[in-house]
Structure formats: C-alpha cells, structure tokens
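Peer 1:
2 protein chains.
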Amino acid sequence: MKQNLSETCHLFFSTLSNPTRLGILELLKETPMNVTQLAEVLNQEQSMISHNLRPLFRCGFIFAERKGKERIYSLNIETMEPLFKIIENHAEKYCPKMGKCLKH
Amino acid sequence: MKQNLSETCHLFFSTLSNPTRLGILELLKETPMNVTQLAEVLNQEQSMISHNLRPLFRCGFIFAERKGKERIYSLNIETMEPLFKIIENHAEKYCPKMGKCLKH
DNA sequence: ATTTCATATGAAAATATCTTCATATCACCT
DNA sequence: AGGTGATATGAAGATATTTTCATATGAAAT
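Here the protein sequences come in this chain order: V and Y. Position 9 of the first sequence, counted from 1, bears residue number 75 in this note's numbering, the numbering being contiguous throughout. Position 32 of the second sequence, counted from 1, bears residue number 98 in this note's numbering, the numbering being contiguous throughout.
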C-alpha cells in the first residue's frame, strides 16, 4: 500500500517531468486535439507526440475519444487544474524570482 | 511568463520523479531529520542523500535549519500535503487497480 | 480489397539523470 | 590552530529516458 503510493507518485511525477508532455497538457487545457494537430502546434514529429501521449493517457492525465479516424485527446481537468494551481502558488510563494529555482 | 511556468513545472516535477527523493519526503513527513539519519533509515550513502536533498531544497519542497553542526531538514507541508492528496485522489479514482498504471 | 489519412509501435542512437567515490567545507570544541 | 563529527561537492562511470526513423495498425471511403 505505502509502497504502492510511492511507486504511483514516481510514475505520475516522471510522466509530468517532460517538456513535451507539459506542452501537450498546456495545449489540451485550451481545447481537445488530435495527435496531428498537437504535432503541428508543437512543431514536432507525430510519432514523438504519440509516444509522449501514451504515458499521459496511461496515468489518466488525459482522455481519448475516437471520432472517425481521428483520436481526440482532452485534459483531465479535475486532476490537472488543482495540480497546476498548487505548483503555481508554490512557485509564487517560495521561488519569487524564478531564477533562483531555475538555475543549477 | 507562460514559458516560465512550463519550465518551473518541469523542474518541480522532475525533482519529484525520483524514488530516493520521494523516500526522503515521506520520512520528513513524519519528522524532521538530518542527512545522516535519512541515509541510515533509507540505507543509502550519505553523499547520495545529500545530492538528492539539494534539488528538493532548491525547489522549496523542504526547509533546512542549522542546529549545531547538524542541518535539520523538514517538509514544506503547506505545498506537499495537498500535492500528495491530489495524487492519492487521482490514483484512487483513475487507477483503481494500480497494476493498470504501473505496468508498461 | 485497395487506397488514403490518422495514429501507434519497435528498436537503435542520442541525451539526460543517478550513483559512487574521493575529497572539500563547515561548525564546534579543546 | 588543530581535531572531529556532520555535511556538501565534483567528476566519472553506470542507468534511464527521449528522440528519431522506418514501419505497422486502424478506420473509413471508393
């Protein structure tokens, strides 16, 4: 149980610790999209976006729905919104000038 | 600004996406400790724990206070508690049997 | 059943992250 | 100042994660 929570946290956080995947989440926050559209906007290969969508989906951070031959991805707002809110608040309070945190 | 939030998220989440660091956070949730104690309980080298404390500290996930020649680390409960709560709730709701998520 | 558009997958190469070891720094005491 | 316990740091080797390329699968239309 305890072990599992720690494992879960690791899986979840490592899924979120990737610029491409964060970019995907930010885009999906605005509007649902398919892989091709995400690839276009993010200016990356379709296969790369696809690879990155998988862990997001597996973790339940995004949902997917078929529409013809497309697969429309959307954000799990219930989880992601409060999560980002926490980060935002934390950053504001504890890293007032981002530089401090972003530097090595 | 936008760019910065994404960068911040990446930094924060990658800091949290490590079993050793999650272990440290779990221990500090119970009680403040110094590096040596953490190393003992986690059964790892002191230098390794020290290396891992750094990003946690830089991100403001933990605090540090000197006490003699020791440096006592403690958890930033304000941030970490709601963060873990979200993960827990999410896991419960979206990954009812952890296996689903934990498998490749 | 074949073509087309949309998406997913496997495996190798490229890149980033961790761990370890040796050593440096720091605070306190004598 | 020198010694000691506690902690931090640098750099390298060891591991893990990403990205890319080529190709496979899927769904719908002709």
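Cβ coordinates follow ideal geometry from the N, Cα and C atoms, glycine included. From a predicted model like this one, the values you see are computed outputs, not experimental measurements.
Looking at the unbroken alpha helix (DSSP H) that takes in V:Phe129, where does it start and where does it end?
Peer 2: Where V:Phe129 is concerned, there is no enclosing alpha helix (DSSP H), although the beta strand (DSSP E) it sits in stretches over 128 to 133.
Peer 1: Using a Cβ-Cβ cutoff of 8 Å, what residues of the region 82 to 105 of chain V are near chain Y? List them in chain order.
Peer 2: Interface annotation for the region 82 to 105 of chain V against chain Y: Leu82, Ser83, Asn84, Pro85, Leu88, Gly89, Glu92, criterion Cβ-Cβ distance under 8 Å.
Peer 1: Less than 8 Å between the beta carbons of V:Thr86 and V:Gln110, yes or no?
Peer 2: yes
Peer 1: Using a Cβ-Cβ distance under 8 Å, would Y:His117 count as near chain V?
Peer 2: no
Peer 1: Just the Cα atoms here: how many angstroms apart are Y:Arg137 and V:Ser140?
Peer 2: A direct Cα-Cα distance of roughly 45 Å separates Y:Arg137 from V:Ser140.
Peer 1: For a contact defined as C-beta to C-beta under 9 Å, what are the partners of Y:Ala130 on chain V?
Peer 2: None at all; the shortest Cβ gap to chain V is about 13 Å.
Peer 1: Would Y:Ala105 pass as a contact of Y:Ile115 if the rule is Cβ separation under 8 Å?
Peer 2: Y:Ala105 is a Cβ neighbour of Y:Ile115, given a cutoff of 8 Å.
Peer 1: Verify the CB distance criterion: does V:Phe123 have a CB-CB separation below 8 Å to chain Y?
Peer 2: no
Peer 1: So does Y:Leu94 have its beta carbon nearer than 7 Å to some heavy atom of the ligand PLP?
Peer 2: Judged by which ligands are present, the structure shown has none, so any question about the ligand PLP falls away.
Peer 1: Does DSSP classify V:Ser72 as helix, strand or coil?
Peer 2: helix
Peer 1: Among Y:Ala157, Y:Leu88, Y:Ser72, which residue has its Cα nearest to the Cα of Y:Ile128?
Peer 2: Y:Leu88
Peer 1: Beta-carbon within less than 8 Å of V:Cys209's beta-carbon, same chain only, minus the 5 sequence neighbours each way: which residues are those?
Peer 2: A question about residue 209 of chain V goes unanswered here, because the residues of chain V that appear run from 67 up to 170.
Peer 1: For Y:Phe74, does the count of other Cβ atoms within 10 angstroms reach 16, so buried, or fall short, so exposed?
Peer 2: Per the sequence shown, the amino acid found at residue 74 of chain Y is Thr instead of Phe. The residue in question, Y:Thr74, is buried, as its Cβ has 16 or more Cβ neighbours within 10 Å.
Peer 1: Is the number of C-beta pairs between the region 145 to 155 of chain Y and the region 96 to 105 of chain Y that are closer than 8 Å three or more?
Peer 2: no
Peer 1: Answer with buried or exposed for V:Asn155, where buried requires no fewer than 16 other C-beta atoms within 10 angstroms of its C-beta.
Peer 2: Classification of V:Asn155: exposed, given that the 10 Å Cβ count is below 16.
Peer 1: State buried or exposed for V:Pro162, treating a residue as buried only when at least 16 other CB atoms are found within 10 Å of its CB.
Peer 2: Classification of V:Pro162: exposed, given that the 10 Å Cβ count is below 16.
Peer 1: Relative to the C-alpha of V:Leu108, which residue among V:Glu92, V:Ile143, V:Leu71, V:Phe123 is closest?
Peer 2: V:Glu92
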